[in-house]
């Protein structure tokens, strides 16, 4: 992507940093501004959550270990209220279980501290370049699942399912063409963007998370089926509504 295009994205994007470490928070905000973004900062969970709802940033960089409420609590509250703002967790807790917990709660990406600044900026760029679902696209009902692109909410038998922005985009893509087999490469390009440098394993992990959220039994999926050596397709489930 050329520099002009990157600047075009950055100049319109507001990023909220929720981080209690003063030097890290101010340093990251400075670098984001130098990179062309607008940066908002919060030193604790309460003010971070308030800014997230009031300012509606395009992306949130979120620490987990905050003085009043954890970053995971903030993430849960955002998703519970239907906020699909992309969230990148930046935490000293970098074990695989910690990352899995964050992603399962609705985070879109996770980086461990200490981190490489150019990599962080590249990930933020990639998240903001991700194609967005247009509001004019119709609702989709697949079996007991109702997908509403205008609010970016997914309901099962009327109950809203907590889902990250990227999980929603993945489900909407599969549900937009029931029965069609999407290759992992096609999914990466459509959901993450062609510049993203992830692997097929990234798709597999997100599909596994989606199955836990929408399948009656994730070990015996009735909606998202694996197509051997290709990728995935979505079928109308045979569970009763």
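In our numbering, the protein residues as written are 1070 to 1310. For each residue, glycine too, the CB sits at the ideal point set by N, CA and C.
With fewer than 16 other CB atoms across the displayed protein chains lying within 10 angstroms of its CB, residue 1182 is exposed. Pairing residue 1272 with residue 1257, the inter-Cα distance amounts to about 7 Å.
In this structure residue 1237 is buried. Its beta-carbon is surrounded by 16 or more other beta-carbon atoms within 10 angstroms.
Counting of Cβ neighbours within 10 angstroms places residue 1232 among the buried residues, the total reaching 16 or more. Here DSSP, grouped into helix, strand and coil, assigns residue 1241 to helix. Residue state for residue 1140 is assigned as helix, using DSSP reduced to three classes. Take the alpha-carbon of residue 1097 and the one of residue 1119: they are about 20 Å apart.
One alpha carbon belongs to residue 1288, the other to residue 1274, and they sit about 14 Å apart. When Cβ pairs closer than 8 Å are counted between the two stretches, the region 1147-1156 is seen not to touch the region 1207-1219, the count staying below three. Per DSSP, reduced to three states, the secondary structure at residue 1224 is strand. Pairwise C-beta distances place the region 1240-1254 in contact with the region 1214-1224, as three or more of them are shorter than 8 Å.
Scanning the region 1101-1169 for uninterrupted alpha helix (DSSP H) segments of 4 residues or longer gives 1114-1124, 1140-1149, listed from N- to C-terminal end.
Per DSSP, the continuous beta strand (DSSP E) segment holding residue 1215 begins and ends at 1214-1217.
Between the region 1083-1098 and the region 1106-1121, the count of Cβ pairs shorter than 8 Å is three or higher; the stretches touch. Apart from sequence neighbours up to five positions away, the residues of its chain that approach residue 1226 with a beta-carbon distance below 6 Å are 1213, ordered along the chain. Counting only the Cα atoms, residue 1254 lies some 32 Å from residue 1146. In this structure, DSSP gives residue 1291 a state outside helix and strand, which the three-state scheme calls coil.
Out of 1250, 1130, 1281, the CA that lies nearest to the CA of residue 1297 is found in 1250.
Here the C-alpha atom of residue 1131 lies approximately 11 Å from the C-alpha atom of residue 1171. Taking a C-beta distance under 7 Å as the contact criterion, residue 1192 and residue 1178 qualify as a contact pair. The criterion of a C-beta distance shorter than 7 Å is satisfied by residue 1174 and residue 1144.
Rounded to the nearest angstrom, the gap between the Cα atoms of residue 1158 and residue 1189 is 11 Å. Beta-bridge partners assigned by DSSP to residue 1209: 1216.
The Cβ atoms of residue 1129 and residue 1140 lie no closer than 7 Å to each other.
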